[in-house]
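A short write-up of the structure that comes next.
Protein chains: 2
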Amino acid sequence: MTEPLRLGIAGLGTVGAGVVKIIRQKAALLTERTGRPITISAVAARNRDKDRGVSLSDYAWEDDAVALAKRDDVDVFVELIGGSDGPAKAATEAALTAGKDVVTANKAMLAHHGQALAQLAEDNGCVLRFEAAVAGGIPVIKALTEGLAGNDITQVMGVMNGTCNYILTRMENAGLSYDQAFDEADKLGYLEADPELDVGGIDAGHKLALLAAIAYGTQVAFDAVELEGIGKVSIADIRQAADMGYKIKLLGVCRMTGRGLEQRMAPCLVPATSPLGQLDGGTNMVMIEGDQVGQIVMRGAGAGEGPTASAVMGDVMDIARGTRLSTFGQPASSLKLVTAAQVATPAPYYLRMGLIDKPGALAKVATALGEAGISINRMRQYDQTNDAAPVLIVTHKTTRAALDIALVAMNATGVVAGDPVALRIESV
Amino acid sequence: MTEPLRLGIAGLGTVGAGVVKIIRQKAALLTERTGRPITISAVAARNRDKDRGVSLSDYAWEDDAVALAKRDDVDVFVELIGGSDGPAKAATEAALTAGKDVVTANKAMLAHHGQALAQLAEDNGCVLRFEAAVAGGIPVIKALTEGLAGNDITQVMGVMNGTCNYILTRMENAGLSYDQAFDEADKLGYLEADPELDVGGIDAGHKLALLAAIAYGTQVAFDAVELEGIGKVSIADIRQAADMGYKIKLLGVCRMTGRGLEQRMAPCLVPATSPLGQLDGGTNMVMIEGDQVGQIVMRGAGAGEGPTASAVMGDVMDIARGTRLSTFGQPASSLKLVTAAQVATPAPYYLRMGLIDKPGALAKVATALGEAGISINRMRQYDQTNDAAPVLIVTHKTTRAALDIALVAMNATGVVAGDPVALRIESV
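Protein sequences, first through last, are from chains A and B. In our numbering, each residue carries its 1-based index in the first sequence increased by 1203. In our numbering, each residue carries its 1-based index in the second sequence increased by 1203.
Below you can see the structure in the form of structure tokens.
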């Protein structure tokens, strides 16, 4: 019988408890599939006394994740603490330095320190895997790093934050305001401790940056992601979009262009009947396009105990089977420092603004667009509600840069109340 | 610099030529991602003089695939000849016996000889990979074997024959008869040399049997797949199904039950608005359900040069990276011999038949159903067209066994013209 693979698990929230359950309940299956037993030597968490629905008495307890990471009886350090820095990073570094492989679900840590950690793993002959960090249970890191490795990746696109998708879906289906849907998500425990991580698009941006690094062999460049949260999306936008056959989704896109790497995470209009448009609730979807394979679409649960634990176990079992991969699919030292390109791929845009009732107001807005080289595809003006009349404009294809010029010019006209909402329309 | 991984490629049809092109055009990318050059030592095919759109002059030529498989300068034998036996099998066996890893796209060979070949690979310390054999470019073998390895798989379901889906889509969208759509597919070169492999559901059945072996740790049991082709599906069925909000798809399902392994590949009605219902043309879709992960859906091109070559390259690059997996995800000797279970999971069924115009005819059909314990959900009788009046029945949930009893009883009534069409309705 082959030696067991011994885990040290730090962080015993939902996902950590889920991993412990799988290892306890499926011991025979895991051994059959990997050829060796997978055992837990020790665990660490903040609160030793909390009931996690699973017995921990067989495992040594460490209060300190760093101490856990260094234990002699730990082969693989499973980091489920979370947070970009602090104990998660300290313990991951300690584990790698001690020559232990690491499996993590921590997108924030990798988005901020992915290059340094990948290099540290490499220097110590260790692997650092993170399937659970992106799109929950969907094995998308594996698909991109391994299954589609023979492709030049032309684009990666996805809805990767279930909480935002839940909020947008509830606004659409139940007619809730953004604040109402946000509160509902909060009560259901869907929001991160800092909700801005979710609704600000940051969490999804972390995931996108990791996918981009693998797809293009570049150093993770989270700071270069153009980020826009869903806080600006109103029920009016959702309804207008629906009227025109669209839904609003927090959509991430990355692609390599002649000017550098485009990465953006922003609410967009997508056709209501498209697979992305039909994606309701907490489900995630990632679409990978390769020059050989065409488009591969993967859909599944983006979060939750079972799906995330499934992804963690996939990585652990790879290690048990002896699979050794570079963190981002190629040696860390070969990852290119990336030039961030402002999003320049033209697209139609949806604009919604309040127009102050003055003679020639609409003409001024149309002029601002025209002078920026933007032509109008559709326009609607509604009855004045408060002080301003709602105006809805769908442009023909234009660049974000041109649009920003037009938006500045519009604000200067003095006829636009507040900031117009501008959302890209994606023909996915 | 690490030693190159040297391939011998047998079979230079579309896919083989596609693999050669990728290796020639993406040499730097492949080396960057795997850490070593991937080269071709020799190729083999039937016709040396055929123009394949790619230069082969750098490679040694073998007329005989077995000779190619044994060459000292070949590390990985890439089998793209096809056919369950003959030279494909002989060369694969020769390669494994000679200690060479094998990558193949050959579903027929593995469906019939998977267990023996997996054992041979294991006995010789070789790997035998076959991502390209199932669902073209979709990395579904990898997802099931590796990414979702921590799950007990509860069900695998999929549309995995692009040709059948093309024919059914054309019947639906263009109102073609089965024969017209078949001829169109034939002219476009979509059909196998023996078309029954496609339209008889055999090719898709091969794929399902391979997925089942991985999912349940069982020996490949293609003979135990309940197979039904699409030849019986008429334009009338397509239209009736559409009227009721369904589409007809050649759908494969496998699941482990208390009575054994259920594997079936048959035309089914699926909701028109479901992801499977919206799957048009040559696209494939596989849905994997695991106890932890829930449902994972993967969609992509099921055939063609680029997608299939992409899958072959995924396997080749895994080997270049040093990944060593058992053929079906666990040692061949541990794969269980499977008891085949007749499909017993109850479902509603769609029935279409011609009713001979005699007093009490409909009552006799209804009685036959009732006596088999099957209750009717919906029924329509249409104007007599030729000698018989078309009757359409949708049953409540029933088993195939009960339905077969009813069908025998119906035929005995003497009021049913010809064989009724019976299609399962899946609420995917």
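Heads up, the beta-carbon is just placed ideally off N, CA and C, and yes, glycines get one too.
Applying the criterion that 16 or more other CB atoms from any shown protein chain within 10 Å of the CB defines a buried residue, is residue 1634 of chain B buried or exposed?
Beyond the ends of chain B as shown, which are 1204 and 1631, falls residue 1634 of chain B; an answer cannot be given.
Residue 1401 of chain B, buried or exposed, once every other Cβ within 10 Å from all chains shown has been counted against 16
Residue 1401 of chain B comes out buried.
Could you check which residue in A:1351, A:1341, A:1348, A:1352 has the C-alpha nearest to that of residue 1347 of chain B?
Closest by alpha carbon: A:1341.
Any beta carbon from chain B within less than 8 Å of residue 1239 of chain A's own beta carbon?
Taking 8 Å as the CB threshold, residue 1239 of chain A stays off the interface with chain B.
Going by other Cβ atoms of all chains shown within 10 Å of its Cβ, with 16 needed for buried, is residue 1399 of chain A buried or exposed?
The residue in question, residue 1399 of chain A, is exposed, as its Cβ has fewer than 16 Cβ neighbours within 10 Å.
List the residues of chain B whose Cβ lies closer than 7 Å to the Cβ of residue 1354 of chain A, in chain order.
Scanning chain B for C-beta atoms nearer than 7 Å to the C-beta of residue 1354 of chain A yields 1513, reported in chain order.
Can you look up residue 1303 of chain A in the DSSP assignment and give me helix, strand or coil?
Here DSSP, grouped into helix, strand and coil, assigns residue 1303 of chain A to coil.
Taking the continuous alpha helix (DSSP H) assigned at residue 1510 of chain A, which residues delimit it?
In the DSSP assignment, residue 1510 of chain A falls within the alpha helix (DSSP H) that extends over 1508-1523.
Determine the contact status of residue 1332 of chain B and residue 1306 of chain B, defining contact as a CB-CB distance below 8 Å.
Against a cut-off of 8 Å, the Cβ pair of residue 1306 of chain B and residue 1332 of chain B comes out as a contact.
If the cut-off is 8 Å on Cβ atoms, which residues from the region 1219-1237 of chain A count as contacting chain B, listed in chain order?
Cβ contacts with chain B: 1221, 1225, 1229, 1232, 1233, 1235, 1236, 1237.
Do residue 1253 of chain B and residue 1336 of chain B have their CB atoms nearer than 8 Å?
8 Å or more divides the Cβ of residue 1253 of chain B from the Cβ of residue 1336 of chain B.
Along the region 1525-1548 of chain A, where does the CB come closer than 9 Å to a CB of chain B? Name the residues.
Within the region 1525-1548 of chain A, the qualifying residues are 1525, 1526, 1527, 1528, 1529, 1532, 1533, 1534, 1537.
Between residue 1410 of chain B and chain A, is there a C-beta pair that is closer than 8 Å?
Residue 1410 of chain B does not count as touching chain A.
Hey, does residue 1498 of chain A have any beta-carbon neighbour from chain B nearer than 8 Å?
Answer yes: the Cβ-Cβ gap between residue 1498 of chain A and chain B drops below 8 Å somewhere.
Can you find a CB in chain B that lies within less than 8 Å of the CB of residue 1516 of chain A?
Taking Cβ atoms only, chain B reaches closer than 8 Å to residue 1516 of chain A, which makes this a yes.
Please give me, in chain order, every unbroken run of the alpha helix (DSSP H) with length at least 4 that falls completely inside the region 1282-1365 of chain A.
Counting whole runs of 4 or more residues, the region 1282-1365 of chain A contains the alpha helix (DSSP H) stretches 1289-1300, 1310-1326.
Give a yes or no on whether the minimum CB-CB distance between residue 1271 of chain B and chain A is below 8 Å.
Taking CB atoms only, residue 1271 of chain B has no neighbour in chain A less than 8 Å away.
Under 8 Å: do the region 1212-1229 of chain B and the region 1279-1286 of chain B share three or more Cβ pairs, one atom per stretch?
Counting Cβ pairs under 8 Å, three or more are found: they touch.
Excluding the 5 residues preceding and the 5 following residue 1576 of chain B in the sequence, name in chain order all residues of the same chain whose CB lies nearer than 8 Å to its CB.
If we look at residue 1576 of chain B and ignore the five residues flanking it on each side, its Cβ neighbours are 1601, 1605.
Which residues of chain A have a Cβ atom closer than 7 Å to the Cβ of residue 1521 of chain B, listed in chain order?
Ordered by position in chain A, the residues that pass the 7 Å Cβ test against residue 1521 of chain B are 1349.
C-alpha distance - residue 1597 of chain A paired with residue 1407 of chain A, whole-angstrom precision
CA-CA distance, residue 1597 of chain A to residue 1407 of chain A, rounds to 26 Å.
Report yes if the CB atom of residue 1468 of chain A is closer than 8 Å to the CB atom of residue 1479 of chain A, and no otherwise.
Taking 8 Å as the cut-off, the beta carbon of residue 1468 of chain A is found no closer than this to the beta carbon of residue 1479 of chain A.
Given a cut-off of 8 Å, decide if residue 1528 of chain A and residue 1330 of chain A are closer than it, judged by their beta-carbon atoms.
Yes.
Suppose you measure from the CA of residue 1581 of chain B to the CA of residue 1593 of chain B; what does that come to, to the nearest Å?
So the alpha carbons of these two residues sit roughly 14 Å apart.
Drop a sphere of 10 angstroms on the beta-carbon of residue 1251 of chain B, count the other beta-carbons inside from all chains shown, and report buried for 16 or more, exposed for fewer.
By the beta-carbon neighbour count (other beta carbons within 10 angstroms, threshold 16), residue 1251 of chain B is exposed.
State the beta-bridge partners of residue 1367 of chain A as determined by DSSP.
Answer is none; residue 1367 of chain A lacks a bridge partner.
Just to check, is the beta-carbon of residue 1564 of chain A closer than 7 Å to a non-hydrogen atom of the ligand ATP?
As presented, the structure is devoid of all ligands, the ligand ATP included, so that no description of it is given.
I believe residue 1356 of chain A touches residue 1491 of chain A by the beta-carbon criterion, under 8 Å. Please report the beta-carbon distance rounded to the nearest angstrom.
Right, their Cβ atoms sit about 7 Å apart.
Smallest Cα separation from residue 1443 of chain B: which of B:1584, B:1515, B:1391?
Of B:1584, B:1515, B:1391, the residue nearest in Cα terms is B:1584.
Go ahead and label residue 1354 of chain A buried or exposed: buried means 16 or more other beta carbons lie within 10 angstroms of its beta carbon, across all protein chains shown.
Classification of residue 1354 of chain A: buried, given that the 10 Å Cβ count is 16 or more.
Taking the C-alpha atoms as reference points, what is the distance between residue 1609 of chain A and residue 1531 of chain A?
Roughly 39 Å separates the two Cα atoms.
Neighbour list for residue 1504 of chain A in chain B, Cβ cutoff strictly below 9 Å:
The answer, in chain order, is 1496, 1497, 1498, 1499.
Limits of the unbroken beta strand (DSSP E) element including residue 1550 of chain A
Counted as a single uninterrupted DSSP element, the stretch harbouring residue 1550 of chain A is not any beta strand (DSSP E), since DSSP gives it neither H nor E.
Between which two residues does the beta strand (DSSP E) containing residue 1574 of chain A stretch?
Here residue 1574 of chain A belongs to no beta strand (DSSP E); instead the alpha helix (DSSP H) covers 1564-1574.
Any Cβ of chain A within less than 8 Å of the Cβ of residue 1346 of chain B?
Yes, residue 1346 of chain B counts as interfacial toward chain A.
Less than 8 Å separating the beta-carbons of residue 1566 of chain B and residue 1558 of chain B?
It is not a contact, given that the beta carbons lie outside the stated cut-off.
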